[in-house]
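Engineer: Dropping the structure in here first, questions after.
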Amino acid sequence: MASHRTAPATRPALPARAVAVGAAATLVLLAGCDNLSLRRLDFDDVESTRIARVTVLPGSGDVTVVGSGPAGQVRIKRVLRYHGDQPGARYEIRGDELVLDSDCGDRCSISYEVTAPEGIAVNGETGSGNVVLSRVGVVDVRLGSGNLEITRATGPVRAETDSGNVEVDDVRGPATLRAGSGNVTGSRLGGQVDAETDSGDVTVELSAPASVRAHAGSGDVQVVVPAGRYRVRSDVGTGETELGIVDDPGAPLLLDLAADSGDVAVTAR
Numbered sequence: 001m002a003s004h005r006t007a008p009a010t011r012p013a014l015p016a017r018a019v020a021v022g023a024a025a026t027l028v029l030l031a032g033c034d035n036l037s038l039r040r041l042d043f044d045d046v047e048s049t050r051i052a053r054v055t056v057l058p059g060s061g062d063v064t065v066v067g068s069g070p071a072g073q074v075r076i077k078r079v080l081r082y083h084g085d086q087p088g089a090r091y092e093i094r095g096d097e098l099v100l101d102s103d104c105g106d107r108c109s110i111s112y113e114v115t116a117p118e119g120i121a122v123n124g125e126t127g128s129g130n131v132v133l134s135r136v137g138v139v140d141v142r143l144g145s146g147n148l149e150i151t152r153a154t155g156p157v158r159a160e161t162d163s164g165n166v167e168v169d170d171v172r173g174p175a176t177l178r179a180g181s182g183n184v185t186g187s188r189l190g191g192q193v194d195a196e197t198d199s200g201d202v203t204v205e206l207s208a209p210a211s212v213r214a215h216a217g218s219g220d221v222q223v224v225v226p227a228g229r230y231r232v233r234s235d236v237g238t239g240e241t242e243l244g245i246v247d248d249p250g251a252p253l254l255l256d257l258a259a260d261s262g263d264v265a266v267t268a269r
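Pasting the structure below:
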């Protein structure tokens with residue numbers, strides 16, 4: 001039977017300095033008897049268990065996952081910010097999955113900083129807040145509002161935000177990148193790329209030859225490719241297309257580029 005553990009919001013924080021900061025802030029606010037003031041609590045937990053996946057549940061707050069920890073251990077730092085009574089805020093371990101609950105009610109947000117073994121998978125969604133991922137594996141994350149930054153991902157990446165920027169660097173597998181309103185930037189991408197934004201710029205740099213779909217509703221599209229054979233399909237509304245490579249109709253790789261209001265440029269690396 002898979003293990004199922006829950007960390008309550010009342011668990012003492014580590015190290016002691018983090019406890020002192022949180023306690024002092026709470027005491028000051030309580031002394032003023034102001035229920036509308038912002039309170040902050042810090043927690044620092046270490047779980048000795050093997051975690052293969054981090055799942056983020058919808059809510060409000062920033063999430064950082066760094067794959068730099070030792071095998072068989074995961075560290076979870078939590079920062080709880082709230083007004084009024086202390087809400088419940090927790091994470092859970094379900095077998096080899098770490099579940100981060102970022103919904104702590106009204107007038108509340110909870111931010112997580114997780115240190116896990118390298119190559120950990122990350123998936124889920126959150127309503128508002130920034131997500132930063134580093135040295136991870138497969139990624140499938142969606143944000144309602146916030147920036148999404150991914151560095152050094154070994155698996156396929158799907159990253160989407162309705163309002164904010166998407167920035168990825170050093171992704172070995174295929175990448176699907178979406179922004180409703182914001183810029184999409186991908187550098188050192190080693191697989192097929194599908195990048196799109198309704199309002200903002202799309203910038204893609206390949207580290208190995210691959211097909212690219214890059215579309216911008218309102219903004220510029222810039223693609224940098226290594227040496228190789230490419231077919232180019234470009235569709236611009238009010239802008240211009242600048243090709244710095246040879247358009248080879250018989251090439252196996254396709255660069256599908258479009259900008260409704262903006263320029264399209266392709267250059268060789």
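Positions 1 to 269 (the UniProt record's numbering) are the ones given, in order, by the sequence shown.
For glycine and all other residues, C-beta sits at the position ideal for the given N, C-alpha and C.
Taking its Cβ as the centre, do 16 or more other Cβ atoms sit within 10 Å of Arg39, making it buried, or is it exposed?
Structural biologist: In the sequence shown, counting from the first residue as 1, residue 39 sits at position 39. Buried, by the Cβ-count rule.
Engineer: Name the residue from Ser199, Ala195, Ala227 and Gly127 whose alpha carbon lies nearest to the alpha carbon of Ala208.
Structural biologist: To locate residue 208, count along the sequence shown from 1; it is residue 208. Out of Ser199, Ala195, Ala227 and Gly127, Ala227 has the C-alpha closest to the C-alpha of Ala208.
Engineer: Report the rounded CA-to-CA distance for Val138 versus Thr161, giving the unit in angstroms.
Structural biologist: Reading the sequence shown from its first residue, position 138 is the one you call residue 138. Reading the sequence shown from its first residue, position 161 is the one you call residue 161. Distance between the alpha carbons of Val138 and Thr161: 17 Å.
Engineer: Look at the alpha carbon of Ser187 and the alpha carbon of Val204, and state the distance between them as a whole number of angstroms.
Structural biologist: Numbered from 1 along the sequence shown, position 187 holds the residue referred to as residue 187. Numbered from 1 along the sequence shown, position 204 holds the residue referred to as residue 204. C-alpha separation (whole angstroms): 6 Å.
Engineer: DSSP state of Thr154, grouped into three classes?
Structural biologist: Residue mapping note: residue 154 aligns to position 154 of the sequence shown, counting from 1. In this structure, Thr154 counts as coil in the three-state DSSP scheme.
Engineer: Can you give the beta carbon distance from Val225 to Ala268, rounded, assuming they're within the 8 Å contact cut?
Structural biologist: Taking the sequence shown and counting its residues from 1, one reaches residue 225 at position 225. Taking the sequence shown and counting its residues from 1, one reaches residue 268 at position 268. Rounded, the Cβ-Cβ distance is 6 Å, consistent with contact.
Engineer: According to DSSP, is Gly239 helix, strand or coil?
Structural biologist: Sequence index remark: in the sequence shown, residue 239 carries index 239 (1-based). DSSP places Gly239 in coil when its eight states are reduced to three.
Engineer: Could you compute how far the alpha carbon of Asp260 sits from the alpha carbon of Ser199?
Structural biologist: The count along the sequence shown starts at 1 and reaches residue 260 at position 260. The count along the sequence shown starts at 1 and reaches residue 199 at position 199. Approximately 10 Å, taken between the alpha carbons.
Engineer: Gly127 and Val141: beta carbons closer than 9 Å?
Structural biologist: Here residue 127 refers to the residue found at position 127 when the sequence shown is read from its first residue. Here residue 141 refers to the residue found at position 141 when the sequence shown is read from its first residue. The answer is no: Cβ separation not under 9 Å.
Engineer: Please classify Ser68 as buried or exposed, where buried requires at least 16 other C-beta atoms within 10 Å of its C-beta.
Structural biologist: Indexing the sequence shown from 1 puts residue 68 at position 68. It counts as exposed.
Engineer: Give every residue of the same chain whose Cβ lies closer than 8 Å to the Cβ of Ile51, excluding the five residues on either side of it in the sequence, and list them in chain order.
Structural biologist: By 1-based counting over the sequence shown, the position of residue 51 is 51. Once the five neighbours on either side are set aside, the close Cβ partners of Ile51 are Val74, Ile93, Asp96, Glu97, Leu98, Ala116, Pro117 and Ile120.
Engineer: Taking the straight line between their C-alpha atoms, what separation do you get for Gly105 and Gly129?
Structural biologist: Counting from one through the sequence shown, the residue named residue 105 turns up at place 105. Counting from one through the sequence shown, the residue named residue 129 turns up at place 129. Distance between the alpha carbons of Gly105 and Gly129: 15 Å.
Engineer: Using DSSP with H/G/I as helix, E/B as strand and the rest coil, what is Asp263?
Structural biologist: Taking the first residue of the sequence shown as position 1, residue 263 is located at position 263. Of the three classes helix, strand and coil, the one that applies to Asp263 here is coil, per DSSP.
Engineer: Could you spell out where the beta strand (DSSP E) holding Thr64 opens and where it closes?
Structural biologist: Position 64 of the sequence shown, counted from the first residue, corresponds to residue 64. Val63 to Gly69 is the span of the beta strand (DSSP E), which, as asked, contains Thr64.
Engineer: Starting from the N-terminal side, write out each stretch of the beta strand (DSSP E) that is 3 residues or longer and does not extend beyond the stretch 80–164.
Structural biologist: Whole beta strand (DSSP E) segments, 3+ residues: 91–94, 97–101, 108–117, 120–128, 131–145, 148–153 and 157–163.
Engineer: Once you ignore the five residues that flank Ser48 on each side, which residues in its own chain have a CB closer than 6 Å to its CB?
Structural biologist: Sequence index remark: in the sequence shown, residue 48 carries index 48 (1-based). Same-chain partners within the cutoff: Gln73.
Engineer: What are the partner residues of Val223, as DSSP defines its beta bridges?
Structural biologist: Here residue 223 refers to the residue found at position 223 when the sequence shown is read from its first residue. Bridge partners of Val223: Val204 and Val266.
Engineer: Using a threshold of 9 Å, state whether the C-beta atoms of Leu133 and Val66 are closer than that.
Structural biologist: In the sequence shown, the residue the question calls residue 133 occupies position 133. In the sequence shown, the residue the question calls residue 66 occupies position 66. In contact: Leu133 and Val66 (Cβ atoms closer than 9 Å).
Engineer: Whole angstroms are fine: how far does the CA of Val171 sit from the CA of Pro185?
Structural biologist: On the sequence shown, residue 185 is found 185 positions in, with the first residue counted as 1. On the sequence shown, residue 171 is found 171 positions in, with the first residue counted as 1. Here the sequence assigns Thr to residue 185, which means Pro is not the residue at that position. About 12 Å.
Engineer: Does the separation of the CB atoms of Val122 and Glu149 fall below 9 Å?
Structural biologist: Numbered from 1 along the sequence shown, position 122 holds the residue referred to as residue 122. Numbered from 1 along the sequence shown, position 149 holds the residue referred to as residue 149. Contact: no.
Engineer: What does the Cβ neighbour count give for Gly219, buried or exposed, with the cut at 16 atoms within 10 Å?
Structural biologist: As a working note, residue 219 is residue 219 in the sequence shown. Buried: at least 16 other Cβ atoms inside 10 Å.
Engineer: Straight-line CA distance for Asp194 to Arg78?
Structural biologist: By 1-based counting over the sequence shown, the position of residue 194 is 194. By 1-based counting over the sequence shown, the position of residue 78 is 78. Approximately 34 Å between the Cα atoms of the pair.
Engineer: Please report the residue range of the beta strand (DSSP E) in which Ala39 lies.
Structural biologist: The sequence position of residue 39 within the sequence shown is 39, counting from 1. Rather than Ala, the amino acid found at residue 39 in this sequence is Arg. Note, Arg39: beta strand (DSSP E), Leu38 to Glu47.
Engineer: To which residues of the same chain is Asp62 closer than 6 Å at the C-beta, ignoring the five residues directly before and after it?
Structural biologist: Numbered from 1 along the sequence shown, position 62 holds the residue referred to as residue 62. The answer, listed in chain order, is Ser111, Gly129 and Asn130.
Engineer: Leaving out five residues on either side along the sequence, give the residues of the same chain with a beta carbon under 7 Å from the beta carbon of Pro249.
Structural biologist: What you label residue 249 is simply residue 249 of the sequence shown in a count that begins at 1. Hits under 7 Å: Arg231.
Engineer: Going by Cα to Cα distance, which pick from Thr241, Ser234 and Val168 is closest to Leu206?
Structural biologist: The residue you call residue 206 lines up with position 206 of the sequence shown. Out of Thr241, Ser234 and Val168, Val168 has the C-alpha closest to the C-alpha of Leu206.
Engineer: Please check the pair Ala216 and Thr197, which I expect to be a contact at CB under 8 Å, by giving their CB distance rounded to whole angstroms.
Structural biologist: Reading the sequence shown from its first residue, position 216 is the one you call residue 216. Reading the sequence shown from its first residue, position 197 is the one you call residue 197. With a Cβ gap of about 6 Å, Ala216 and Thr197 count as contacting.
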